[in-house]
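Take any residue in the sequence shown, count from 1 to its spot, add 1: that is its number in the numbering used here. Cβ atoms here follow ideal geometry from the backbone N, Cα and C, with glycine treated the same way. Given the structure is predicted, the values throughout are model-derived calculations rather than measurements. Have a look at the structure below, then the notes.
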Amino acid sequence: MRTLNNELAMLTPDHDWTSIEKKKEKAKKLLSINFEFVGKQMALCDALETDIQFTQNPRDEFYLTDLAIELMTGAKGEDELKVYLEEVSCCTFFSLYHKTLAKDQVEAFKGLAHDLVELMAKLPLICNQDWNEGGKRAFLNELLKVFPDGGCEFIQKQFAMENNQQVLA
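Structure representation (structure tokens):
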């Protein structure tokens, strides 16, 4: 049986994770494990019709996602790009969780992890401007290409409100 500890054991620091392909591989594993864990926690909550927290702070449930973002982007702390990527990851995860049958979720979460990692790998080419001078708009335009069927509406609305604009289409 595959366990979280077995998955994490495969990600030891003994490996050379400096190449972009190795970073992408590690980030996909971190995201997949995190999404699967939170998905199973949510399924348990749904089945028991109660709220169960495995972490003291609900935001800590996505700690592995934060690690994947830091690995792929180098962004730390409250960097705006990191915050947006965290929100995108969570929003798309919750959207996918609610519209995917339980038996198909693990594969769906792997697909989401792949899409997020590919998005993060493209960011240096896409967001080559200062974040407030066009980088954010470039990021959101790419976001719409990666997730055309939704899941990121909150991010789009927040951006539109910040810029007194209509939601990007």
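- Judged by their CB atoms, Thr93 and Leu120 are not nearer to each other than the 8 Å cut-off.
- Contact between the region 99 to 111 and the region 132 to 139 is absent: fewer than 3 CB-CB pairs across the two stretches fall below 8 Å.
- In this structure, the CA atom of Glu71 is about 16 Å from the CA atom of His115.
- Burial is judged here by how many other beta carbons sit within 10 angstroms of a residue's own beta carbon; Asp150 has fewer than 16 and is exposed.
- Ranking Ser96, Val39, Gly75 and Lys30 by CA distance to the CA of Asp61 puts Val39 first.
- Ranked by Cα distance from Lys146, the first of Glu88, Leu117, Thr101 and Asn133 is Leu117.
- Secondary structure of Cys128 (DSSP, three-state): coil.
- Here Ala69 is buried, its C-beta having at least 16 other C-beta atoms within 10 Å.
- Secondary structure of Lys77 (DSSP, three-state): coil.
- Cα atoms of Gln130 and Gln54: separation of roughly 40 Å, rounded to the nearest angstrom.
- Taking each of Met73, Trp132 and Val84 in turn and checking the Cα distance to Ser20, the smallest one comes out for Met73.
- In this structure, Glu143 is the residue among Lys83, Trp132, Glu143 and Leu49 with its C-alpha nearest to the C-alpha of Lys123.
- Here the C-alpha atom of Ile127 lies approximately 43 Å from the C-alpha atom of Glu50.
- Within the same chain, and ignoring the five residues on either side of Lys77 in sequence, the residues whose Cβ sits closer than 8 Å to its Cβ are Glu71 and Lys83.
- For the pair Ile34 and Glu88, the CB atoms are not nearer than the 8 Å cut-off.
- A residue is called buried once 16 or more other Cβ atoms fall within 10 Å of its Cβ, and Lys158, having fewer, is exposed.
- Collapsing the DSSP output to three states places Thr51 in coil.
- Sequence-distant Cβ neighbours of Ala103 in its own chain, meaning closer than 8 Å and more than five residues away, are Ala44.
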